[in-house]
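Sequences listed follow chains E and C, in order. Its first residue numbered -8, the first sequence is counted upward by one per residue in this note's numbering. Its first residue numbered -8, the second sequence is counted upward by one per residue in this note's numbering.
2 protein chains.
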Amino acid sequence: MANEWATFGADLHLELRGPRLRAGLMDALREAVRSGRLEAGTRLPSSRSLAADLGMARNTVADAYAELVAEGWLTARQGSGTRVARRTEPRRAEPRRAEPRRAEPRRPEPRPGARPAAAPPARALPRPSAPAHNLKAGTPDLASFPRAEWLKAYRRALTAAPNEAFGYGDPRGRIELRTVLAEYLARARGVYARPERIVVCAGFVHGLMLIGQVLRSRGVRDVAIESYGLGLHAGLLTGAGLGTPVLPFDERGTRVEESGPLGSAGAVLMTAAHQFPLGGALPPDRRAEVVDWARASGGFVLEDDYDGEFRYDRQPVGALQGLDPERVVYLGTASKSLAPGLRLAWMVLPESLVGEVVAAKGVVDWVSSAPDQLAFAEFLGSGAYDRHVRAMRLRYRRRRDQLVAAVAAHSPETRVSGIAAGLHAVLALPPGTEQDVLRAAAWNGLAVQGVDQFRRPGVPATLDGLVVGYATPPDSAWQSALRTLCRVLPQAPGGG
Amino acid sequence: MANEWATFGADLHLELRGPRLRAGLMDALREAVRSGRLEAGTRLPSSRSLAADLGMARNTVADAYAELVAEGWLTARQGSGTRVARRTEPRRAEPRRAEPRRAEPRRPEPRPGARPAAAPPARALPRPSAPAHNLKAGTPDLASFPRAEWLKAYRRALTAAPNEAFGYGDPRGRIELRTVLAEYLARARGVYARPERIVVCAGFVHGLMLIGQVLRSRGVRDVAIESYGLGLHAGLLTGAGLGTPVLPFDERGTRVEESGPLGSAGAVLMTAAHQFPLGGALPPDRRAEVVDWARASGGFVLEDDYDGEFRYDRQPVGALQGLDPERVVYLGTASKSLAPGLRLAWMVLPESLVGEVVAAKGVVDWVSSAPDQLAFAEFLGSGAYDRHVRAMRLRYRRRRDQLVAAVAAHSPETRVSGIAAGLHAVLALPPGTEQDVLRAAAWNGLAVQGVDQFRRPGVPATLDGLVVGYATPPDSAWQSALRTLCRVLPQAPGGG
């Protein structure tokens, strides 16, 4: 099927296919290795240079490389760059199989002393082409999408829609949706929201891109970001021509003193309710401090409230936006609470930004599908959204409890943090072991990410840990994923 | 409700509200005049300068000015700029009402000798705040949206969707949709389409923006455009950093000889099947010529096939893309054939562009809602789309015939052109009368546009005419809209 070829280096072609760019690049690289087009030992271009060749964000390529290193297809050594893993070099253990399949990569070498319980065998064995278990963070349990309830809302909305709803829409989004969103956000997240300040967008990144454009055209040069986060978001700001100075962090979370990088920034992007991926909530004094900074400097706080609905042990932390609606841009999404596939998100804007954001959005004039917006309005207004969030909160909380219990039983020295809220937790690992655990996970068919993957360039690598998205697998796959996770964690002395 | 204020000039504020930017700006200007904040005779800022203040495209402001001039709120005189129409100056006819309502603008002065049949009365009378009749081109009959059939397709699609459909999607769009689109486009439009060359996007402008970005990053400097077209499209290219040299046209349509502006362009944007708004199809020799240019120069033809499904008297003209799929980017949309509110469009790309376009789209990673894409796939695959297009083709053809007959009866000297296809026709007017007819139309509560509004800057104003979107009104409003149109057209000597 796929036959798109992108030039790679001098004359090597990579087949890029979906579903996601990084996944596509990884598949293409695996295929090139598997087929022998990329020979063992070949040095790959730098992530920067390959990214430029492919027109991708550098982080996408770097992430793909990191995962393929973790999966054993590639190796990365200081001073030697990223290379295709050698598959014929003898390893120290005796061969168990006389003829390892040529098309499969060799497992990577585990570092002595850091060998996880379920370490790969000494010789290469065929690995499944796709991971059997998925604990990557960022996606809710898609199997729990409330199809029947959504369909009911869609039918009602489509039946009741005025004819003009099928025309070119208001770039702000349907008024019906903005009206119920205002009510919901005030009630559930403490957001000061009025329909005329709300702009519906097609995902958090769409909103961030629009805000970035507006800030840049206002003359803002830097938007400060947290020490850990998604490379995609930083890349989006960079792409809008903005610098992204990195805020330091300490054991209490992100530091927001004005003497730091905030001093020169025009805005700051924060996951205040639930830091992604580390998991903490910004302490109240720092919430006040960052809003004070915005007031004093005329800057803006961009609040990425990606999973604010999910807090387990007490009331959700209200949105920062409530502290000062004129200085905080609130960005929310249905991607975690409902499904990313709907492409529904929203911004609540300071009055002073509404006109510019709407103008920026209106130039391209694309809005989410009007029937979808109306269906979501119906879904929210009928209480179906609240019911769904409540049900998912119970389910995710149960999984979180099972995760905490299982880790305590199998790997008592592993500390689980960031568990008060959200859809993921961080498992702190002994210093220097993150890559080994990731390799063991890949070997065991478990897709999971390390905190290092979210570290901003220049931030010291002081943390080792796994980011475990416990919401990701469907119920049917959750227990086996959890068992596999426990197998690859550092074992208690004498345990296992 | 609305309380967004944009600074206007020194200290005047304009209230901007939906549903569309231009409409919002027009409302705000009307309100400012009505309330007296903008006094009669006040000179408005240039469209360029107001556009910069508001962060809008200049064409949006220029169009709003033009329509308000046509509606009589503003005046535009050579050398005197755009001003608020004077409301107290005595006109030549006797007053019929002693006290014209202060809050309403005066009607504009009709030029002597060009007075349409249904000219405004000599003194200002209250006008309806929204036009009663709408014959603006660009929107299909929204009342004919096939709600029941669409809902059926949506239900089937949502029920059958795999769980992963609710996750983050492939930036190219769902494979189910791309597969049926490939089949449909090959069958209905003669497009050489394979699923892996198709990228689903959220409207034509979204696709054009992506292509513009990719071309610009390839080093293309100019994308040639036609003499008449939408300012939005040109503005989008300009916004991507591209120049937009204008191709000349003659009585056979757009001229595409290499010695013209094409010579230095890296691509050309064309409405080859049905020029918008003038209505002709590009003659076969010029189709071949522009593709030959693309082959010889390595350039691309961007084919805007916005209403290719609608051709009335013979087989549709096949897409230009079939001539050379490696040099023509095909852009299609459901906005005219089904409804703009769905935000569904598609590109069929040369193999060499797929990777870059997908990468550009993937950076922001927003795609149309997956359930919508699956519903559209079901709608296409089940034959419901073909049935809908056939039904609408009959309906629109009947309206076209009624338009032609009515114009022939009421204004026999008005030539109707561009009627072989599409959802609009052009009514040629006597030289110098377009603005008068538009004023009469506005006065009679008829929203309709003149060809001059679509003329690119620098193109000589050699045509006077109305662009009549006969698909726009619902059936219930069509006859009265047509009657109103006939009233404002130039009358036959002694006729009327």
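Just so you know, even glycine gets a beta-carbon here, dropped at the ideal spot from N, CA and C.
So who's on the other strand from GLU294(E), going by DSSP bridges? DSSP, once it has assigned bridges, lists MET261(E), TYR321(E) as partnering GLU294(E).
VAL500(E) vs VAL428(E) beta-carbon contact at 9 Å: Summary: the structure shown does not reach residue 500(E), with chain E confined to residues -8 through 487, and so no result is reported for it.
Inset, instruction - Closer than 7 Å by beta-carbon distance: list the chain E residues that pair up with ALA172(C), in chain order. - result: Reading off the sequence shown, one finds Leu at residue 172(C), where the question assumed Ala. Result: empty, since nearest Cβ-Cβ is about 15 Å, beyond 7 Å.
* In whole angstroms, what separates the C-alpha of GLY244(C) from that of SER218(C)? -> Rounded to the nearest angstrom, the two C-alpha atoms are 10 Å apart.
- Query: Shorter than 9 Å from the beta carbon of GLU58(C) to some beta carbon of chain E?
  - Reply: It does not: the Cβ of GLU58(C) has no partner Cβ on chain E nearer than 9 Å.
Report task. Could you name the residues of the segment 136 to 147 of chain E whose beta carbon sits closer than 8 Å to any beta carbon of chain C, in the order they occur along the chain? Result -> Result list: PHE136, ARG138, TRP141, LEU142, TYR145, ARG146.
If you run the structure through DSSP and keep just helix, strand and coil, what is TYR219(C)? Residue state, collapsed to three classes: strand.
- Report yes if the C-beta of LEU133(C) is less than 8 Å from at least one heavy atom of the ligand ADP; otherwise report no. Looking at this structure, you won't find the ligand ADP or any other ligand, since it has none at all.
Identify which residue in ARG180(C), LEU228(C), ALA148(C), TYR461(C) has its Cα closest to the Cα of ARG389(C).
Relative to ARG389(C), the option among ARG180(C), LEU228(C), ALA148(C), TYR461(C) whose CA is nearest is TYR461(C).
inquiry  = Between which two residues does the beta strand (DSSP E) holding LEU65(C) run?
reply    = That run of the beta strand (DSSP E) goes 65 to 68.
Using beta carbons (cut-off 9 Å, strictly below), is MET261(E) in contact with chain C? No Cβ of chain C is located within less than 9 Å of the beta carbon of MET261(E).
Length at least 4, wholly inside the segment 183 to 258 of chain C: the alpha helix (DSSP H) runs in chain order
Runs found: 195 to 208, 222 to 230.
| Using a C-beta to C-beta distance shorter than 8 Å, which residues of chain E count as neighbours of THR130(C)? | Ordered by position in chain E, the residues that pass the 8 Å Cβ test against THR130(C) are GLY158, TYR159.
Exercise. To which residues of the same chain is PRO464(E) closer than 8 Å at the C-beta, ignoring the five residues directly before and after it?
Worked result: Closer than 8 Å at Cβ, skipping near neighbours: HIS124, ASN125, LEU126, ASP132, ALA472.
Checklist entry - What's the C-alpha gap between GLY456(E) and VAL319(C)? => result Here the C-alpha atom of GLY456(E) lies approximately 50 Å from the C-alpha atom of VAL319(C).
task: Can you give me, in chain order, the residues of the segment 326 to 344 of chain E that have a beta carbon less than 7 Å from any beta carbon in chain C?
output: If the cut-off is 7 Å between Cβ atoms, the segment 326 to 344 of chain E has ALA330, PRO331, GLY332, LEU333, ARG334, GLU342 near chain C.
query = Where VAL339(C) and VAL205(E) are concerned, what is the direct C-alpha to C-alpha distance, given to the nearest angstrom?
reply = Our two residues, VAL339(C) and VAL205(E), have alpha carbons roughly 31 Å apart in a direct line.
Report task. Provide the residue span of the alpha helix (DSSP H) that contains ARG388(C), from first to last. Result -> For ARG388(C), the uninterrupted alpha helix (DSSP H) segment begins and ends at 375 to 401.
* **Short Cβ contact (9 Å threshold) for TRP141(C) with ALA366(C)** => With contacts defined as CB atoms closer than 9 Å, TRP141(C) and ALA366(C) qualify as a contacting pair.
query = Helix, strand or coil: how does DSSP classify THR453(C) here?
reply = Looking at THR453(C) - three-state DSSP - the assignment turns out to be coil, as it is neither helix nor strand.
message: Tell me the rounded alpha-carbon separation between HIS379(E) and GLY299(E).
response: In a straight line, the C-alpha of HIS379(E) is about 14 Å away from that of GLY299(E).
Task: Contact list for THR33(E) against chain C, beta-carbon separation under 8 Å - done: Correct list: empty, because the minimum Cβ distance to chain C is about 21 Å.
Query - Continuous beta strand (DSSP E) stretch holding ALA419(E): start and end - result: Here the beta strand (DSSP E) through ALA419(E) covers 415 to 419.
Please list the residues of the segment 245 to 259 of chain E that have a C-beta atom closer than 9 Å to any C-beta atom in chain C, keeping them in chain order. Answer in chain order: no residues at all.
With a Cβ-Cβ cutoff of 9 Å, do ALA215(E) and PRO252(E) count as a contact? The answer is yes: Cβ separation under 9 Å.
Item to complete: Output the residue ranges of the alpha helix (DSSP H) runs that lie fully inside the segment 425 to 474 of chain E and measure 4 residues or longer, sorted by chain position.
Response: You should have 425 to 434.
Less than 9 Å between CB atoms is the rule here; does MET47(E) satisfy it with respect to chain C?
Closer than 9 Å to some Cβ of chain C, the Cβ of MET47(E) qualifies, so yes.
Can you list the residues of chain C that SER360(E) reaches, using a CB-CB cut of under 8 Å?
Per Cβ cutoff of 8 Å: GLY332, LEU333, ARG334, LEU335, SER359, SER360, ASP363.
Contacts around PRO81(E), its chain only, beta-carbon distance under 6 Å, and the 5 residues preceding and following it disregarded = In this prediction, PRO81(E) scores a pLDDT of 27, lower than 50, which makes its location untrustworthy; the coordinate-derived value is nonetheless stated afterwards. Around PRO81(E): no qualifying Cβ.
Check your understanding: Does the pairing of the segment 183 to 200 of chain C with the segment 167 to 175 of chain C give three or more beta-carbon distances under 8 Å?
Key -> Yes: at least three Cβ pairs fall under 8 Å.
Discussion item. Check whether the segment 142 to 150 of chain C and the segment 434 to 446 of chain C are in contact - that is, three or more C-beta pairs closer than 8 Å.
Written reply: Contact between the segment 142 to 150 of chain C and the segment 434 to 446 of chain C is absent, because fewer than three Cβ pairs lie under 8 Å.
Note to self: Assuming SER488(C) is part of the beta strand (DSSP E), what are its boundary residues?
What the structure shows: With chain C covering -8 to 487 only, the question about residue 488(C) has no answer from this structure.
message = Check for me: the beta strand (DSSP E) holding VAL504(C) runs from which residue to which?
response = A question about residue 504(C) goes unanswered here, because the residues of chain C that appear run from -8 up to 487.
Delimiting residues of the alpha helix (DSSP H) encompassing VAL281(C):
The continuous alpha helix (DSSP H) containing VAL281(C) extends over residues 275 to 288.
### Query
Exposed or buried, which one is ARG169(E) when buried takes at least 16 other CB atoms within 10 Å?
Buried, because 16 or more other Cβ atoms sit within 10 Å of the Cβ of ARG169(E).
Quick one: grab the DSSP three-state call for VAL24(C).
-> In this structure, VAL24(C) counts as helix in the three-state DSSP scheme.
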